[in-house]
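J.: Sharing a structure, written as structure tokens. Questions coming.
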Amino acid sequence: MSFQPIVGQGGYSGWRLLQRTGELQRSLVAKEQSVARDVAYVRERLGSTETAEALVADYRLRHTALSAFGLEDDVNNRFFIRKVLESDLSDPKSLANRLGDKRYLALAEAFGYGSGSGPSRDLADEIAERHVSAELERRVGTIDGNLRLAMNAQRELAKIGESAASDNVRWYNIIGSAPLRKVIEGALGLTSDFIKFPVEKQVEQLKQRTAAMFGSASPSAFGDPKNLEKLIQKFLIRAEMISPVQSSYSAALLLLSNSANRPALG
1 MSFQPIVGQG GYSGWRLLQR TGELQRSLVA KEQSVARDVA YVRERLGSTE
51 TAEALVADYR LRHTALSAFG LEDDVNNRFF IRKVLESDLS DPKSLANRLG
101 DKRYLALAEA FGYGSGSGPS RDLADEIAER HVSAELERRV GTIDGNLRLA
151 MNAQRELAKI GESAASDNVR WYNIIGSAPL RKVIEGALGL TSDFIKFPVE
201 KQVEQLKQRT AAMFGSASPS AFGDPKNLEK LIQKFLIRAE MISPVQSSYS
251 AALLLLSNSA NRPALG
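Taking UniProt numbering, I'd label the letters of the sequence shown as residues 1 to 266.
Here it is in structure tokens:
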């Protein structure tokens with residue numbers, strides 16, 4: 001039997017429990033035979049996988065790599081993933097750059113096939129670590145979808161907060177990720193009509209609400225762990241106020257459908 005995460009009653013109290021025990025729970029996931037085999041396989045084989053075609057032809061490598069970026073639902077879309085990996089990232093019109101969901105861009109950047117450099121020496125270890133974390137998040141999501149969204153947001157918003165990209169680019173990246181947008185919308189108290197606004201209006205609203213909550217309109221605010229914890233707390237508490245069961249169910253549907261629905265090209 002696979003390890004089932006312990007999150008208590010879920011919600012913000014479950015989040016606090018995960019913060020205290022997350023590393024222990026992650027280690028228990030990593031020790032499972034199936035997960036350990038995937039990790040060992042990646043570390044053994046990834047360095048010798050010189051092309052995107054070779055990567056997608058190997059199911060175990062393909063699945064583990066996609067899992068590391070939260071894209072495991074695309075495991076059977078071999079042609080699409082190959083084209084993402086082969087994208088010329090210096091070309092703004094290339095596939096990875098045009099996809100609204102920036103996880104695909106992160107995947108292409110990490111593997112470097114489009115530039116001809118291929119995977120770095122450290123990439124196998126990074127993919128292995130991310131895969132274990134993603135597996136824990138996936139299991140948490142089967143219990144409480146909002147907690148999985150919060151775990152993803154803690155990791156990804158911190159990276160965006162520390163990014164050197166312009167504020168607008170970083171806001172567009174947040175808007176382009178359905179899981180991140182869900183957390184931001186909930187934490188900042190935005191209505192369901194928010195997504196109907198033009199993207200420029202969405203960014204304007206996000207800047208205003210973020211400035212009111214953190215004293216800064218920049219996504220750099222999320223680089224501060226205290227701000228990030230406050231954001232997640234607001235999201236989870238407001239989600240529970242809607243209806244714990246209904247809110248978690250909606251979050252689970254979002255997570256399940258996010259990769260199934262091809263991101264918008266723009």
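The beta carbon of each residue, even a glycine, is placed where N, CA and C say it ideally should be.
Predicted, not measured: the structure shown is a model, and the values here were computed from it.
Count the other CB atoms within 10 Å of the CB of L24; is the residue buried (16 or more) or exposed (fewer)?
T.: Exposed, by the Cβ-count rule.
J.: So, A134 versus L123, is the Cβ gap smaller than 8 Å?
T.: No, Cβ-Cβ distance for A134 and L123 is not below 8 Å.
J.: Take the Cβ of G8 as the centre, count every other Cβ of all protein chains shown within 10 Å, and call the residue buried at 16 or more, exposed below.
T.: It counts as exposed.
J.: Would P179 be called buried (16 or more neighbouring beta carbons within 10 Å of its own) or exposed?
T.: It is buried - the Cβ of P179 has at least 16 other Cβ atoms within 10 Å.
J.: Ignore the nearest five residues each way along the sequence and tell me which others in G215's own chain have a CB closer than 6 Å to its CB.
T.: Answer for G215: no residue qualifies.
J.: For L99, does the three-state DSSP call read helix, strand or coil?
T.: Correct three-state label for L99: strand.
J.: Taking all protein chains shown into account, do 16 or more other C-beta atoms lie within 10 angstroms of the C-beta of F235, making it buried, or fewer, making it exposed?
T.: By the 10 Å Cβ count, F235 comes out buried.
J.: Could you check the C-alpha separation between L188 and T49 for me, to the nearest Å?
T.: One C-alpha to the other measures close to 43 Å.
J.: Would you decide whether E137 is buried or exposed? Buried here means 16 or more other CB atoms lie within 10 Å of its CB.
T.: E137 is buried by the Cβ-count criterion.
J.: Looking only at its chain, what residues have a beta carbon closer than 7 Å to the beta carbon of W15, apart from the 5 residues adjacent to it on each side?
T.: Excluding positions up to five away in sequence, the list reads L147, A150, I232, L236.
J.: Determine the DSSP secondary structure at T92, reduced to helix, strand or coil.
T.: Per the sequence presented here, residue 92 reads as Pro, with Thr not at that position. Reduced to three states, the DSSP call for P92 is coil.
J.: Of the choices G11, G145, A68, whose alpha-carbon is the least far from that of R238?
T.: It is G11 whose Cα lies nearest to the Cα of R238.
J.: In whole angstroms, what separates the C-alpha of A52 from that of R78?
T.: Taking the straight line from one Cα to the other gives about 10 Å.
J.: Under three-state DSSP, which class holds F69?
T.: Of the three classes helix, strand and coil, the one that applies to F69 here is coil, per DSSP.
J.: Can you find at least 3 beta carbon pairs, one from the region 79-97 and one from the region 157-173, that sit closer than 8 Å?
T.: As far as the Cβ criterion goes, the region 79-97 does not touch the region 157-173, which means the pair count is below three.
J.: When burial is assigned at 16 or more other CB atoms within 10 Å of the CB, is N76 buried or exposed?
T.: Exposed, since its Cβ has fewer than 16 Cβ neighbours within 10 Å.
J.: K102: buried (16+ other C-beta within 10 angstroms of its C-beta) or exposed?
T.: Buried, by the Cβ-count rule.
J.: Confirm, please, whether the CB-CB distance from T210 to I127 is below 8 Å.
T.: No. Outside cutoff.
J.: Evaluate D91 with the Cβ neighbour count: other Cβ atoms within 10 Å of its Cβ, from every protein chain shown; 16 or more gives buried, anything less gives exposed.
T.: Exposed: under 16 other Cβ atoms inside 10 Å.
J.: Thinking C-beta only, is I174 closer than 8 Å to P219?
T.: Result yes, Cβ atoms of P219 and I174 sit closer than 8 Å.
J.: Hey, P5 and R155 are a contact pair by Cβ (cut 8 Å); roughly how many whole angstroms apart?
T.: So it is not a contact: roughly 16 Å between Cβ atoms.
J.: Can you give me the Cβ contacts of P225 inside the same chain, cut-off strictly under 8 Å, excluding the 5 residues immediately before and after it?
T.: A158.
J.: Looking at L61 and L46, is the spacing between their C-beta atoms short of 8 Å?
T.: Yes, these two residues count as a Cβ contact at 8 Å.
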